[in-house]
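Each remark here refers to the structure printed beneath this line.
Chains as they are written, first to last, in the UniProt record's numbering: chain A, 1 to 253; chain B, 1 to 253.
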C-alpha cells in the first residue's frame, strides 16, 4: 500500500506538471452483450468504488488525441473511435472531499486541478473484441449493465446518462456496426436499436426500413440452434453503410 | 488609439487573472432573415477583420453561465438560450502571430492563454428582436449571410461550419420558433427548414407532417399583399411544441 501511495502521488505530480489544469476528459465506452448495453468501469485500488476511465490533457496535445491516449492508458483499449458529446462545466460538479475520502486518497493530491471541467467522450465497441485491463490506479476494469450501475465516483452516473441521451439523439449518425459481431440476424440488429432507443420497434417496419436503406448484405448462412426458425445472418455493406451514417438517413423516429 | 491600446491591455490582464487559462468560449448566433441564415459577427476596432463573439471562463463560473455572460458583454444580447455543440481542441488551431497582426495588437497580450481550447456554443435568435451592440474591443456587431462570410479571424469560419452541421443534425431537437416572428405562414416555416437543411422539401409532405405533429395553431389572420393567395398565419402551440422538440419527433430525413 505504501508503494501504491507512492505511485499515485507520482502520477498526480506528473499530471500537474504536464497537463492543462482545470480540464479533464471522461470516456463512456458502450458495449452490447446479451441484449443489454454495458459500460466500461474502473474500480479504484483497494476500494469497492467505481468510476469511468478519465484523465488529463497534455499541454501540447490535441483534445481528441488525449481522449484516445487516456482510454488506452487506463483500460488497454486500442484504436477506439471516441466522439465528443458534452462539456460538464458546472462550477461545483461533485463533493471533492467526499469523493477522495471514498477512494482513500488525500484530497491534496487533486488540488492542482481543483474544479475540473470535464470533456465527455463516448465510444461504441464490440464487447467480445476488447480485453480491458486496469491501470496503476485501479484493480479492476469491467463491464456493467446500465440497469445495474453502482453509485459511481464523481458525477459519473450523470455523465453516463447524458452520454446515453446523446447516443439516442445521434443514433442515425452513429456506426452501430461497432456494437455487433461481423455477422448477426435481423432480430439481433433490431434488439440493438430497441435497447439504445429504450423502446420497442415494429418488426415489419424495422425490416422494411433497413432493407430499403441497403446497409446490409445477406450471407448464405443461417443462425443455427433455434428450434423452429433459423434466421439468415447479415453483415454491414462496407460500400453503403458509411454513407448512410454520414447522411444520418436511417432513423426510427 | 492610445486609449484603446490601454483598455485592451487592461482587458487581457484582467482576463489572465480571473479566467481559466487554455480555455475559451466562442458563440455562433444564428438568425433568419429574408430566407437566409445569418450569423452575428464582430469587427475588431480600427480594422476590417471580423470574428465570432468569444471570451474566457471565470475560475468559479459554470461554463454555460460563462457563455451567456460572454455573449451579453460582447454583443448586448440578453436572455439567449445557448447550446454547446463542439470542442475545438487541436493543439494548433490557427496561426497566432498572423492573427494578432491582423487585429493590430501585440501577440504578447494573448500569451497568457497560449493554445486555447475553444468550447463552441450556438444560439437561434429572432433576427428582428435583437439589437446587437459592439463592445470595447470592436467597433461593429453585424449580421452576415452564411453565403457571404469574409475570411474570419482565428478558426472561426470552421467553427461556423461545424455549428451549422450540428444544427442540421440536431434540428428535430431545436426550438426553431426562436428563428421566426410570433406568426408566420406555412411556406415561411418550410423555407426556414429548407434553409437550415440546405435542400428543398416537398411542400405537400411538409404540410402533412407539420399538421400531424400538432405543433401549430392557425390564427384567423392571413398574410396580405400577395396578389392571388393570402395564406393563413400560424403560431407555435406552446402546449405542444416544447414536447415535440424534447422528443425530437418532427424530422425531415
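Where is the CB? At the ideal position from N, CA and C, for every residue including glycine.
Our two residues, residue 222 of chain A and residue 149 of chain B, have alpha carbons roughly 55 Å apart in a direct line. Judged by DSSP secondary structure, residue 33 of chain A falls within the beta strand (DSSP E) whose first and last residues are 23-33. Just so you know, the alpha carbons of residue 185 of chain B and residue 233 of chain B end up roughly 5 Å apart.
For residue 65 of chain A, the enclosing alpha helix (DSSP H) starts and ends at 63-75.
Considered as a whole, the stretch 93-150 of chain B harbours 117-124 and 138-145 as its complete beta strand (DSSP E) runs of no fewer than 3 residues, in chain order. Listed along the chain, the chain B residues whose CB falls inside 7 Å of the CB of residue 242 of chain A amount to none; the nearest CB is some 16 Å away. The alpha-carbon of residue 123 of chain A is positioned some 31 Å away from that of residue 193 of chain B. Assigned with DSSP and collapsed to three states, residue 219 of chain A falls in strand.
Contact between the stretch 17-32 of chain B and the stretch 54-62 of chain B is present: 3 or more CB-CB pairs across the two stretches fall below 8 Å.
Contact annotation: residue 120 of chain B and residue 162 of chain B have beta-carbon atoms nearer than 8 Å. Around the beta carbon of residue 15 of chain B, a 10 Å sphere encloses 16 or more other beta carbons of the protein chains shown; the residue is thus reported as buried. Shown here for residue 38 of chain A: same chain residues with a beta carbon closer than 8 Å to its own, the five before and five after excluded, namely 30, 31, 32, 127, 143, 144, 145 and 146 in chain order. Neighbourhood of residue 253 of chain A in chain B, by CB distance below 9 Å: 172, 247, 248, 249, 250, 251 and 253, in chain order. Boundaries of the alpha helix (DSSP H) around residue 159 of chain A: 156-169. According to the DSSP secondary-structure assignment, residue 58 of chain A is paired through a beta bridge with A/19.
Below the 7 Å Cβ cutoff, chain B contributes no neighbours of residue 140 of chain A, its closest Cβ being approximately 30 Å away. With a beta-carbon spacing of about 6 Å, residue 22 of chain B and residue 115 of chain B fall inside the 8 Å limit used to define contacts. Interface with chain B (8 Å Cβ-Cβ cutoff): residue 16 of chain A is excluded. Excluding sequence positions up to five before and after residue 20 of chain B, its CB lies within less than 8 Å of the CB of 56, 57, 58 and 59, all in the same chain and listed in chain order.
For the stretch 111-126 of chain A, the residues whose beta carbon sits under 8 Å from a beta carbon of chain B are, in order, 115, 117 and 119. Under the three-state reduction of DSSP, residue 184 of chain A is assigned to strand.
Here residue 118 of chain B has 24, 26 and 88 as same chain residues with Cβ atoms under 6 Å from its own Cβ, once five neighbours each way along the sequence are excluded.
When A/241, A/17, A/224 and A/156 are compared, the shortest CA-CA separation from residue 212 of chain A is found for A/241. Between the C-alpha atoms of residue 2 of chain A and residue 75 of chain A there is a straight-line separation of about 23 Å.
Contact note: residue 23 of chain A reaches chain B through 20, 22, 23 and 117, using a C-beta cutoff of 9 Å and chain order. Only those residues of the stretch 63-80 of chain B whose C-beta falls short of 7 Å from the nearest C-beta of chain A are listed: 63 and 64. Around the beta-carbon of residue 151 of chain B, fewer than 16 other beta-carbon atoms lie within 10 Å, marking it exposed.
Annotated as distal: residue 73 of chain A and residue 139 of chain A, with beta-carbon spacing of 8 Å or more. Listed along the chain, the chain A residues whose CB falls inside 8 Å of the CB of residue 223 of chain B amount to none; the nearest CB is some 30 Å away. Measuring C-alpha to C-alpha distances from residue 141 of chain A to each of A/200, A/40 and A/250 identifies A/40 as the nearest. In terms of CA proximity to residue 247 of chain B, A/199 leads the group A/199, A/176, A/224 and A/7.
Taking a Cβ-Cβ cut-off of 8 Å, residue 202 of chain A has no neighbours in chain B, whose nearest Cβ is about 16 Å from it. Residues of chain B whose Cβ lies closer than 9 Å to the Cβ of residue 97 of chain A do not exist, since the nearest Cβ in that chain is about 17 Å away.
A direct Cα-to-Cα measurement between residue 207 of chain B and residue 230 of chain B gives close to 16 Å. Taking a C-beta cut-off of 7 Å against chain B, none of the residues of the stretch 187-202 of chain A qualify.
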